[in-house]
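Asks: All residue numbers for the sequence shown refer to this note's numbering, where the first residue is 252 and numbers rise by one. Glycine included, every Cβ here is placed at the ideal spot set by N, Cα and C. Please read these numbers as outputs of a predicted model, since none were measured by experiment.
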Amino acid sequence: MLKILQAGRALAAISVAAFHLSIAMGVPRYGGEPVFYEWTRHIGGVRFFFVLSGFIILFAHYHEIGQPSAWRPFIFRRFIRLYPIYWLYTVPFCLLVAAGLGTDARIPSGWADWLTSLTLIRFTAAVPPLTVAWSLFHEVAFYAMFSLLILNRRLGMAGFAAVALFSVIYYNYPAVAQRSAGNVYTAAYNLYFLFGMGAFYLYRRGGRGWIELAVGSGISAAALLVAPLPQELSYLLLILGFAFLLAGAAKLETAQYIRVPTVLVALGNASYTIYLIHEQLQGLLLKLLIKSQLAALLGPRCTYLLVLLGAIGLGYVAYLLIERPLTAALRRRFQPARGSASVAYAVSSGPCTELPAADRPKDPTAATKSA
């Protein structure tokens with residue numbers, strides 16, 4: 252079991268929450284001071300999520316590639332993992348906004364916008380009610396492409412080659428209010444999943460992982476030093492560093508050189524809920540602290556840390572009370588029979604399964620030279 256993957260999800264969710272809190276505190280009604288913004292804006296948490304997703308999905312479903320009987324279970328798991336909890340958080344939020352309880356939040360205005368927001372398939376440029384869900388459009392597209400790999404290896408490889416080609420040709424990072432099917436499905440973000448898949452193949456080669464860790468650290472540091480580059484190329488460099496770091500860290504855990512703190516594994520399990528609702532929780536906590544005068548007493552930095560920890564903690568509680576039991580109940584109720592070609596799988600937010608023995612990296616004490 253690679254706990255480092257869950258730790259990575261935890262760190263990605265925390266970094267996204269930290270960045271959004273910096274932005275929120277820069278809004279006049281929350282104090283007008285973007286605390287730690289110069290630090291949090293370069294972390295790239297969502298981008299790391301994409302790399303992790305590429306690694307995790309290939310890690311979990313590697314032996315299902317080219318096995319059509321595994322297609323239906325794959326689609327079922329991805330659907331159960333992604334949509335029910337997203338809908339459960341989205342619908343009540345829309346009702347609250349419709350009741351006038353939201354400040355800046357918007358709800359879809361027409362059926363096409365609703366279709367876009369609820370299916371996470373880009374038909375219009377609508378901003379979903381939970382604004383962080385913009386990234387899920389890319390996730391759904393990635394799952395669709397990967398499902399082609401399961402149906403037919405060559406078809407899937409052709410699909411990913413087309414994604415890579417168009418993402419390079421139309422290299423873009425669409426603005427929030429300008430996202431369309433054309434620029435979302437050709438966005439540079441889609442390349443990040445491929446970096447994650449490449450990290451998996453690097454991990455699968457075996458070795459201790461020290462070289463990958465060193466290379467990844469060097470590339471990531473260089474990306475941060477030269478940022479910002481035109482066309483956000485510094486982020487592309489950072490993603491390359493992330494991929495090496497991920498492969499190296501996974502090898503180090505496999506070789507038992509590192510142990511992942513339990514708290515990071517727990518937060519990794521809850522990362523989807525934390526990601527989806529952290530902005531709403533942060534807004535609520537900021538309002539409470541400001542109205543109670545505690546924000547003025549604590550000062551901006553202490554307020555920032557308290558709100559960040561509070562939002563993460565409340566997100567974890569929501570995971571325990573809502574997401575985990577709901578997802579487990581749906582799996583028990585609707586889990587399809589697994590085909591003979593289907594192998595152990597990992598759910599992106601839950602505990603990751605082991606790679607089949609034949610495909611684990613070789614014992615680092617053996618005669619492997621790939622480091």
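L416 to A264, Cα distance in whole Å?
Replies: Mapped onto the sequence shown, residue 416 falls at position 165. Mapped onto the sequence shown, residue 264 falls at position 13. Cα-Cα distance, rounded: 29 Å.
Asks: Would DSSP call R405 helix, strand or coil?
Replies: Locating residue 405 in the sequence shown gives position 154, where the first residue counts as 1. In this structure, R405 counts as helix in the three-state DSSP scheme.
Asks: What did DSSP end up calling D610 once you bin it into helix, strand or coil?
Replies: Within the sequence shown, the letter at position 359 stands for residue 610. For D610, the predicted structure reports a pLDDT of 43, less than 50, and the residue's modelled location is therefore unreliable. A value from the coordinates is still provided. It is helical.
Asks: To the nearest angstrom, how far is the alpha carbon of Y452 from that of L400?
Replies: As a first step, residue 452 must be located in the sequence shown, where it is residue number 201. As a first step, residue 400 must be located in the sequence shown, where it is residue number 149. Taking the straight line joining both Cα atoms gives about 16 Å.
Asks: Round the Cβ separation of P380 and S368 to the nearest angstrom and send it over; I've been treating them as touching at under 8 Å.
Replies: Start at 1 with the first residue of the sequence shown, and residue 380 comes out as number 129. Start at 1 with the first residue of the sequence shown, and residue 368 comes out as number 117. About 6 Å separates the two Cβ atoms, so the contact holds.
Asks: Does the stretch 540-559 come into contact with the stretch 271-289, if we say contact requires no fewer than three beta-carbon pairs (one atom in each stretch) closer than 8 Å?
Replies: yes
Asks: Ignoring anything shorter than 4 residues, give me the alpha helix (DSSP H) runs that lie fully in the stretch 498-563, in order along the chain.
Replies: 513-520, 522-542, 545-549
Asks: Could you give the first and the last residue of the continuous alpha helix (DSSP H) run that contains F330?
Replies: Working through the sequence shown from its first residue, we reach residue 330 at position 79. Start and end: 322-349.
Asks: So what's E483 in DSSP terms, helix, strand or just coil?
Replies: For this step, residue 483 is matched to residue 232 along the sequence shown. Note: E483 maps to helix in three-state DSSP.
Asks: Run the CB neighbour count on R510, radius 10 Å, all protein chains shown included, and call it buried at 16 or more, exposed below.
Replies: Counting from 1 along the sequence shown, the entry for residue 510 is found at position 259. So R510 ends up on the exposed side.
Asks: According to the neighbour-count rule (16 or more other Cβ atoms, all chains shown, within 10 Å of its Cβ), is L539 buried or exposed?
Replies: On the sequence shown, residue 539 is found 288 positions in, with the first residue counted as 1. Flag for L539 reads exposed.
Asks: Residues in the same chain with beta-carbon distance under 7 Å from G601, minus the five sequence neighbours each way, listed in chain order, please.
Replies: The sequence position of residue 601 within the sequence shown is 350, counting from 1. Because G601 sits at a pLDDT of 40, beneath the cut-off of 50, its placement in the model cannot be relied upon, and the point is left open.
Asks: Would you give the residue range spanned by the alpha helix (DSSP H) that T291 belongs to?
Replies: As a working note, residue 291 is residue 40 in the sequence shown. Segment 288-291, the alpha helix (DSSP H) holding T291.
Asks: In chain order, what residues of the same chain lie with their CB nearer than 7 Å to the CB of L623, ignoring the 5 residues before and after it?
Replies: Not covered by the structure: residue 623. The range shown for the chain is 252 to 622.
Asks: Would the beta-carbon of L387 fall within 8 Å of that of A439?
Replies: Reading the sequence shown from its first residue, position 136 is the one you call residue 387. Reading the sequence shown from its first residue, position 188 is the one you call residue 439. Remark: C-beta atoms of L387 and A439 do not approach each other more closely than 8 Å.
Asks: Name the residue from L256, A261, L253, A275 whose alpha carbon lies nearest to the alpha carbon of L532.
Replies: Counting from 1 along the sequence shown, the entry for residue 532 is found at position 281. That would be A275, whose Cα lies nearest to the Cα of L532.
Asks: Applying the 10 Å Cβ sphere with the 16-neighbour rule, what's the burial state of Q318?
Replies: Locating residue 318 in the sequence shown gives position 67, counting from the first residue. Buried, by the Cβ-count rule.
Asks: Closest by CA to L491, which one among A506, L475, I331, K502?
Replies: The sequence position of residue 491 within the sequence shown is 240, counting from 1. Taking only the C-alpha atoms, the option nearest L491 is L475.
Asks: Grab me the residues of T341's own chain with a C-beta within less than 6 Å of its C-beta, minus the 5 sequence neighbours each way, in chain order.
Replies: For the purposes of this step, residue 341 is taken as the residue at position 90 of the sequence shown. Once the five neighbours on either side are set aside, the close Cβ partners of T341 are P380, L381.
Asks: Any idea what DSSP makes of E574, helix, strand or coil?
Replies: Walking along the sequence shown from the start, residue 574 turns up at place 323. Helix at E574.
Asks: Restricting to Cα atoms, I'd like to know which of L253, E315, I331 is closest to R584.
Replies: On the sequence shown, residue 584 is found 333 positions in, with the first residue counted as 1. Residue I331 is the option with its Cα nearest to R584.
Asks: Return the chain-ordered list of same chain residues with a C-beta closer than 7 Å to the C-beta of A592, the five sequence neighbours on each side being excluded.
Replies: If you number the sequence shown from 1, residue 592 lands on position 341. Confidence is the limiting factor: at A592 the pLDDT is only 39, short of 50, which leaves the residue's position unreliable, though a coordinate-based value still follows. Counting only Cβ-Cβ distances below 7 Å, and skipping sequence neighbours, we find E315, Q318, S320, A321.
Asks: My assumption, with CB atoms under 8 Å, is that G447 sits in contact with F301. Please give the rounded CB distance.
Replies: As a working note, residue 447 is residue 196 in the sequence shown. As a working note, residue 301 is residue 50 in the sequence shown. Sure, about 7 Å apart at Cβ, within 8 Å.
Asks: On a CA-only basis, which of L303, D364, A268, G295 is nearest G259? Give me that one, please.
Replies: Sequence index remark: in the sequence shown, residue 259 carries index 8 (1-based). The shortest C-alpha separation from G259 is found at L303.
Asks: For S219, which of I462, Y454, A494, G458 has the nearest alpha-carbon?
Replies: Since the displayed the chain opens at 252 and closes at 622, residue 219 lies outside it and no answer follows.
Asks: Counting only runs of 4+ residues fully inside the stretch 444-482, write out the alpha helix (DSSP H) ranges in chain order.
Replies: 461-477
Asks: Can you give me the Cβ contacts of H293 inside the same chain, cut-off strictly under 7 Å, excluding the 5 residues immediately before and after it?
Replies: Position 42 of the sequence shown holds residue 293. Once the five neighbours on either side are set aside, the close Cβ partners of H293 are L475, A478.
Asks: When you compare only the Cα positions, how much space is there between S468 and Y334?
Replies: Indexing the sequence shown from 1 puts residue 468 at position 217. Indexing the sequence shown from 1 puts residue 334 at position 83. Roughly 35 Å separates the two Cα atoms.
Asks: Tell me whether E390 sits in a helix, a strand or coil according to DSSP, three-state version.
Replies: Here residue 390 corresponds to residue number 139 of the sequence shown, with the count starting at 1. Helix at E390.
Asks: Report the three-state DSSP secondary structure of L416 (helix, strand or coil).
Replies: Along the sequence shown, read from residue 1 onward, the residue named residue 416 stands at position 165. The answer is helix: DSSP assigns L416 an H, G or I state.
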